[in-house]
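Below you'll find the structure, written out as structure tokens, and then a few comments.
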Amino acid sequence: MPGFTAHQEKGCNTQLDLWKDGEKIPNNTLAIRHSITDWDHAAGYSYDNVTFPSAKPTGQTDRDAGTHFVYWKVGQPDPGCQAILMADTPAGWQVLTKLPGDEILRVSKEGCYYTAISPNQNLITSFCCGHDDCAIAEVEVQQPPPKETVNGDAPECKITKFDSTPTIESGTQIAITRPQTCEAEPACTHSVTHSHSVSAALSHSQSYTWTTQVGVEIRFEAGVDLIEDLKVSTGLTASIAQSWMDEYGATFTDTNVTTTEEGGRQEAGTVAFYSFTPKYECHKGDVSCGKDKDGNEVVLQNLNFCLPQTSSADGGPNGIFRMVYISG
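According to our numbering, the sequence shown is numbered sequentially starting from 125.
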């Protein structure tokens, strides 16, 4: 899989010197060594504290403050594959997202691609091949939630153990504008004109199947469930979420990314969409959901119940906005 070679300008004619942790990066190229599903290697290869001393600053808008022009020459990925460049995030991952960072560039064709990045950023390279693996990376496509099957009334669940101190986790990176082609010099902007919900979430890495004492068959698949409205939600996920709320004494949180301000600068001659990655506070614990048909207690272990962080300024969700460039 070809890597990302840094250049100074459109057309990628002059290479840009790249450094990581004070050491020159060979050939000014960020190598791609691991796939997005290679969990043994954190789903990618990391370059810490990347700098590019000779890159020109953008300085076009307040949102671009501190960013620089960096173009990447990318060779042709293998058929059915995409090369992925991500920016590391300060929050944790693997609880709510399978991406180790926020995407800033994802391409399936060779070419010269732009990104606006800041010096001293930690960058991560990765790749995906095939429909299922690349579905993880295609953040502009909403993925279906894990399946929950309950052929009757869901059992009432109760917390049996939980960590009172939350961890700070990154939520799923979501597209908040559609991909657009920018043809106007010197740049285009994205405006967020529609509300995008950021809701409570339940994360579970293990699937469970059992039959209750009254004959209700339940299947609870591993994944992340977003709970948009607890008042009208039903089923096992709602029962578990309610038990967390009762135990923790928290208030159900459902916030929205809503703004009409200019959403960010998109370089001319590119295809990109604007994205948002929310931050969550997550509590891990176990829940008991009654007994199975044989009289054994059903305990679902190591679940994470997560509430979005909110801004003290406007009550909206805390998180990171990023422009994501893709091949046309």
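A virtual CB, placed ideally from N, CA and C, is assigned to each residue, including glycine.
Rounded distance between the beta-carbons of residue j and residue i, thought under 8 Å
i: G359; j: E280; result: Contact flag wrong, Cβ pair sits at about 12 Å.
i: R389; j: I228; result: Actually they do not touch by this definition, with Cβ atoms about 13 Å apart.
i: A308; j: A215; result: The pair is not a contact, with the Cβ atoms about 35 Å apart (cut-off 8 Å).
i: K417; j: T336; result: 7 Å
i: E129; j: W196; result: The amino acid at residue 129 is misidentified as Glu; the sequence shows Thr. So it is a contact: roughly 7 Å between Cβ atoms.
i: G225; j: S451; result: So it is not a contact: roughly 19 Å between Cβ atoms.
i: C306; j: T182; result: About 14 Å separates the two Cβ atoms, so there is no contact after all.
i: A324; j: C430; result: 7 Å
i: G295; j: P402; result: 4 Å
Cβ-Cβ distance between residue i and residue j below 8 Å
i: V322; j: P441; result: yes
i: M125; j: P201; result: yes
i: R302; j: A261; result: no
i: I241; j: T191; result: yes
i: I283; j: E371; result: yes
i: F400; j: G443; result: yes
i: T239; j: Y404; result: no
i: V381; j: H320; result: yes
i: A167; j: K222; result: yes
i: V198; j: A211; result: no
Residue i to residue j span [Cα, whole Å]
i: T291; j: I248; result: 22 Å
i: Q304; j: A311; result: 12 Å
i: D410; j: A365; result: 12 Å
i: K144; j: P177; result: 11 Å
i: F344; j: S331; result: 6 Å
i: A299; j: K415; result: 41 Å
i: D172; j: A259; result: 26 Å
i: V274; j: G339; result: 11 Å
i: V219; j: S159; result: 19 Å
i: G127; j: V194; result: 15 Å
i: H328; j: C406; result: 12 Å
i: D349; j: T289; result: 21 Å
i: Q245; j: G135; result: 24 Å
i: K408; j: Q132; result: 46 Å
i: Y237; j: H314; result: 18 Å
i: Q139; j: T153; result: 10 Å
i: A396; j: V422; result: 46 Å
i: Y169; j: G419; result: 48 Å
i: W368; j: S412; result: 12 Å
i: D186; j: K180; result: Caution is warranted here: a pLDDT of 46 is assigned to D186, below 50, making its placement in the model unreliable, and the coordinate value is therefore given only provisionally. Near 16 Å, if we compare the C-alpha coordinates of K180 and D186.
i: D287; j: C253; result: 37 Å
i: T434; j: C205; result: 37 Å
Sheet register partners of residue i (DSSP bridge)
i: Y238; result: Y195
i: N428; result: S327, K408
i: D162; result: In DSSP, D162 forms no bridge with anything.
i: L247; result: Y171, A211
i: H131; result: Q139, Y195
i: I444; result: T401
i: V340; result: Paired residue(s): none; V340 is not in a bridge.
i: R157; result: In the DSSP output, where bridge partners are listed per residue, R157 has none listed.
i: L69; result: This structure cannot speak to residue 69, because the chain is shown only from 125 to 452.
i: P181; result: H192
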